[in-house]
Amino acid sequence: MQWFALPRWRRLSSAVLLLALASLAQAQERTGSAAGADAVDGRSAEQWLQVVQQAARRLDYSGTMVYQQGNEVRMSRIVHVFDGKVSHERLQPMDGRPREFIRRADEVKCLIPEAKRVVIERKTRAESFPGLAAASASELLQHYSVNIAGRERVGGFDCQVLEIRPRMGDRYGYRLWVDRASGLLLRSQTINDRGEVLEQMAFAEVRIGGVDREQLKPSWPTDGWKVDETAHRPVDMKEQGWRLAPPSGFKPLYTVRRPMASGPALQAVYSDGLASLSVFIEPAAASDTSEALPRRGPINAYARRVGDSMVTVVGEIPAETARAVAQAVERVGR
Amino acid sequence: MNPDPVHPSHSVSTSPAGEADDCAQRLSALLDGELDSEACRALVERLRHDEEACRTWALLNCVGDAMRSADVATFHSAGFVARVSAALEREPTVLAPAALPQRSTVRRWLLPGAGAAVAAAVLIAVGLPSRQASSPDATIAKALPVPTATVVAAPVPVIDRSPQLERYLAAHRELAEPTLMPHSTPYVRTSGAVLMQEKR
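Have a look at this one:
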């Protein structure tokens, strides 16, 4: 979405938000350097990452999240509840057409009120990947260095700033603001090798704890709505005749056959714990050629024709990495 | 007031309904890539002068965009037709090949969605390859290098490419797992955009 393309009221509201973010950033600079010594200061980088991972899953919180990428600003309300076993989430985008995303563990229901439709996106974990748990903090540290920087205030919370730098240039860096008391990540920036912020997410306001379960309920009664389910079937890329070579540290999360707009496609998803990428393989159309797709903030995509197939790599990775991953895809056997 | 005494009143009357229908059909055919480049050129020429045809073209594009992407569809404001007309007004020099890459980049910023499609149609009607001179930020287009034979099929990809990226993104978002942020945060990135299943 481009700035000029926004309706005037949205341009105005975006401008107001940008100003708010800018003044927030200034306020932080003023209070930022006041690092002191107390109990939590003893945490190592690895411990901080563990705390953040745990907090994201186990805390109850509700708030308004601001997403900014280039001239684009989006706001969403989010409610998160951990019931002791799995986490529940409700995300309400406040821009664009009314939508709602209700998540329970690995299942997300996408509500489309104007069409009276519910689309259920369910992750089907493949048996062949037992070690699917999120990359551990120690694994993360093999590919990133973490600098425990100063303390800054975000949304009224005393935050620890963590600067996460990639050890190699094939992925982005991050700057995180973590609530020192709860461990909840309140703001995150994705940063390229020139130090430019490619996108950021921040809680404009957040309430930690004391979340009423009622807030997880959708805005609309969905009785009688049409229900569609995504059909993912786990597959083995090798058996399908493909060899993929993601950058080091990117572990396979899912490998599935799934429907795409153009027909069935193979999708392999990899993550290094911070960044993730997908490789799509589908039958090529006659006109398809190899080329980079338009970039969107930190999202880069590269499409490459391999014989009769089209290989498309999409992820929060630098353009060169997307291209390299696509180039490394090989037809084997068969 | 009649500026042309030689052709009195009938020259300002509106086109007969049949002709308008025919025009709409040809515009639709243009969108579907079913016109040869000669007919394309004629139609684009007509778009420059015929307000009604221009409105029809805008409408057809709105419908197409709405089917392709919720995001793009919301861009069309009341002033849309006016903007397209104004853009077409400014367009003549686009016929000069040397001016192409830069102009089209600027136009992509000024004219989202169907506007860009009009621009693309103009470029394509002239029969020039429409690949963007590297502009990584252009979100509208992964413009194709167009061999002359398939030239007229290109207007669709030009507006369809961004939704295509959206679809890959949506599919990626479904299975990507943020470990530090709430799991739903990938949905924040594409919230107003197409869902995987929201295709025509």
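Protein chains in written order, with this note's numbering: chain A, 1 to 334; chain B, 1 to 200.
For every residue, glycine included, the Cβ atom is placed at its ideal position computed from N, Cα and C.
Taking the alpha carbon of residue i as the point to measure from, which residue in the options has its own alpha carbon closest?
| i | options | result |
| --- | --- | --- |
| A:D60 | A:R74, A:E152, A:V81 and A:G297 | A:V81 |
| A:E344 | A:M75, A:C110, A:N300 and A:P98 | The shown model of chain A, from 1 to 334, leaves out residue 344 of chain A, and the question about it has no answer. |
| A:G173 | A:E199, A:S278 and A:E121 | A:E199 |
| A:P375 | A:G224, A:Q267, A:S182 and A:P113 | Absent from the model: residue 375 of chain A. The displayed extent of chain A is 1 to 334, so no value can be given. |
| A:E163 | A:I191, A:R171 and A:A324 | A:I191 |
| A:A261 | B:C54, B:V44, B:L169 and B:P178 | B:L169 |
| A:D272 | A:I317, A:P294, A:P234 and A:Q189 | A:I317 |
| A:R165 | A:L274, A:L293, A:M237 and A:A292 | A:L274 |
| A:V86 | A:K226, A:G63 and A:A105 | A:A105 |
| B:E174 | A:Y302, A:E107, A:F250 and A:G70 | A:E107 |
| A:R122 | A:D83, A:P234, A:A202 and A:A292 | A:P234 |
| A:E139 | A:S276, A:G263 and A:G249 | A:G249 |
| A:E72 | A:R296, A:V211, A:A265 and A:D83 | A:R296 |
| A:R103 | A:I120, A:G96 and A:D95 | A:I120 |
Can you tell me which residues form a DSSP beta bridge with residue i?
| i | result |
| --- | --- |
| A:Q336 | This structure gives no information on residue 336 of chain A, because the portion of chain A shown stretches from 1 to 334. |
| A:V86 | Beta-bridge pairing links A:V86 to no other residue. |
| A:Y254 | A:V269 |
| A:C110 | A:F101 and A:V119 |
| A:D228 | A:V119 |
| A:Q92 | A:R77 |
| A:R165 | A:S145 |
| A:V313 | A:V279 and A:Y302 |
| A:G63 | A:I78 and A:V206 |
| A:R331 | A:W242 |
Which residue comes first and which comes last in the alpha helix (DSSP H) that contains residue i?
| i | result |
| --- | --- |
| A:L216 | Run containing A:L216: none; DSSP gives neither H nor E here. |
| B:P186 | T185 to R189 |
| A:Q327 | A319 to A328 |
| A:Q50 | A45 to R58 |
| A:E239 | No alpha helix (DSSP H) contains A:E239, which DSSP labels as neither H nor E. |
| B:R48 | S37 to H49 |
| A:A137 | A137 to H143 |
Just to confirm my understanding: we take residue i, look at its own chain, exclude 5 residues before and 5 after, and list those with CB closer than 6 Å. What are they?
| i | result |
| --- | --- |
| A:S309 | I281 and A284 |
| B:R39 | Inspection of the sequence shows that residue 39 of chain B is occupied by Ala rather than by Arg. There are no such residues. |
| A:G42 | none |
| A:V154 | W177, L186 and R187 |
| A:L91 | S76, I78 and F101 |
| B:R189 | none |
| A:Y302 | A292, V313, A322, R323 and A326 |
| B:M181 | none |
Can you list, in chain order, the residues of its chain whose CB lies under 7 Å from that of residue i, leaving out five sequence neighbours each side?
| i | result |
| --- | --- |
| A:R305 | A284, D288, T289 and S290 |
| A:T222 | L111 and V118 |
| A:R411 | Past the edges of chain A, shown from 1 to 334, lies residue 411 of chain A, and the structure says nothing about it. |
| B:A96 | Low local confidence applies: a pLDDT of 35 at B:A96 is under 50, so the model's placement there is unreliable, and no value is given. |
| A:G307 | R331 |
| A:F157 | D179 and L186 |
| A:P93 | R74, S76 and R99 |
| A:T321 | D170, R171 and P247 |
| B:A176 | P186 |
| A:S182 | A55, L59 and I208 |
| A:E205 | G63, T64 and G155 |
| B:C23 | A53 and T56 |
Which two residues bound the contiguous beta strand (DSSP E) that contains residue i?
| i | result |
| --- | --- |
| A:S271 | G263 to S271 |
| A:L293 | E291 to R296 |
| A:A204 | V197 to I208 |
| A:E72 | E72 to F82 |
| A:P283 | S276 to P283 |
| B:A176 | Segment: none, B:A176 is in no beta strand (DSSP E) and carries neither H nor E. |
| A:L185 | L185 to I191 |
Are there any heavy atoms of the ligand SAH lying less than 7 Å away from the beta-carbon of residue i, as far as the coordinates show?
| i | result |
| --- | --- |
| A:L216 | By its list of ligands, the structure shown contains no ligand whatsoever, and the ligand SAH lies outside what it can speak to. |
Ordered along the chain, which non-local residues of its own chain (more than five positions away) have a Cβ less than 8 Å from that of residue i?
| i | result |
| --- | --- |
| A:L141 | A45, E46 and L49 |
| A:W220 | E100, L111 and P113 |
| A:A115 | K226 |
Q) Would the region 241-251 of chain A and the region 321-332 of chain A be scored as touching if the rule is three or more Cβ pairs under 8 Å? A) yes
Q) Taking three-plus beta-carbon pairs below 8 Å as touching, is the region 138-155 of chain A in contact with the region 252-262 of chain A? A) Touching, no.
Q.
Using 8 Å as the cut-off, can you tell me whether the region 193-213 of chain A makes contact with the region 39-53 of chain A, which would need three or more C-beta pairs spanning the two stretches below that distance?
A. At 8 Å Cβ cutoff, the stretches do not touch.
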